[in-house]
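Visitor: The opening position of the sequence shown corresponds to residue 268 in this note's numbering, with each subsequent residue numbered one higher. Beta carbons are placed, not taken as given, at the ideal position from N, Cα and C, and that holds for glycine. Since this is a predicted model, take the numbers as computed values, not measurements. A single structure is presented below for examination.
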Amino acid sequence: MSDTTEHSALMDQTYRYQRLIYDVTRKYYLLGRDHLIEGMNVQPGERVLEVACGTGRNLSLIRNRYPEAQLFGLDISDQMLTTARAKLGADVSLAQGDACQFEPKALFDVEGFDHVILSYSLSMIPDWQGALTEAKRHLAPGGRLHVVDFGDSAGLPGWFQRLLLAWLARFHVSPRDTLEAAMRDCRADTDRLVVQGLYRNYAFYGQLTKDDAA
Ligand SMILES: C[S@@+](CC[C@H](N)C(=O)[O-])C[C@H]1O[C@@H](n2cnc3c(N)ncnc32)[C@H](O)[C@@H]1O
């Protein structure tokens, strides 16, 4: 079995039942997702891709907030995509694929995106640096990459950090302490990068704007 097939099977197994209670339960601990959506400032007609879109929770809110955007979602888990399809209907294009290597032309018949989102997914993707590079690769010139995920929780008590890590491990989630550094590595000299710790660094938020001549 290839690494991708194995990871896809693991995600299906993790979410087979969890997907049914995902939106209700995750709203209490996947913090900063609404902050990301508010900061996107999507213009009419722009293309938005959520990589690892899960149940489609974010895409549904983005559709409400920016009704004239063109929306796309990709996930490695067919189980999650089943829930996303039921929620979003036919006006959002969804496809099964690996965040670390995908071709928008083959999956969605488009060349690139004005916005790409990675929301609480890098902490579940083994080659998460590869996924970051791949997301940036598919940005149109001047496009923006929006990232939210677990931070290092440096502002929170040690016991809370230990409990959180133990809880997340049950779902194969590993916060990436070097996420900010990886976003800085991803940034070309002419790109713009904004990073922010949210809720005492419980969550990390980053927005990278690709040079519009790139
Ligand atoms: C915690 S959920 C986040 C879902 C959504 N982005 C959100 O913010 O609610 C993580 C998602 O990442 C997906 N995922 C994990 N590894 C992936 C990969 N290599 N390629 C694409 N999706 C992946 C999982 O199937 C799952 O749907």
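Per the contact definition of three or more C-beta pairs closer than 8 Å, is the segment 461 to 477 in contact with the segment 404 to 419?
Guide: They touch, by the three-pair rule.
Visitor: Specify the secondary structure class of Gly306 as computed by DSSP and reduced to three states.
Guide: coil
Visitor: Check whether the Cβ atoms of Gly464 and Gly425 sit closer than 7 Å, and answer yes or no.
Guide: no
Visitor: Could you give the C-beta distance for Thr272 and His439, rounded to a whole number, given that I count them as a contact under 8 Å?
Guide: Actually they do not touch by this definition, with Cβ atoms about 16 Å apart.
Visitor: Quick one: is the Cβ of Arg324 within less than 6 Å of any heavy atom of ligand 1?
Guide: Between ligand 1 and the CB of Arg324, the shortest heavy atom gap is smaller than 6 Å.
Visitor: Taking 6 Å as the line, does the beta carbon of Ser327 fall inside it for any heavy atom of ligand 1?
Guide: Ser327 has its Cβ no nearer than 6 Å to any heavy atom of ligand 1.
Visitor: With Ser420 as the anchor, note down where its alpha helix (DSSP H) starts and where it stops.
Guide: Where Ser420 is concerned, there is no enclosing alpha helix (DSSP H), given that its DSSP letter is neither H nor E.
Visitor: Please look up how many angstroms separate the CB atoms of Gly340 and Gly323, rounded, as I've assumed it's under 8 Å.
Guide: Between Gly340 and Gly323 the beta-carbon gap is near 6 Å, inside 8 Å, which marks them as a contact.
Visitor: Could you tell me the distance, in whole angstroms, from the CA atom of Arg352 to the CA atom of Thr292?
Guide: 20 Å
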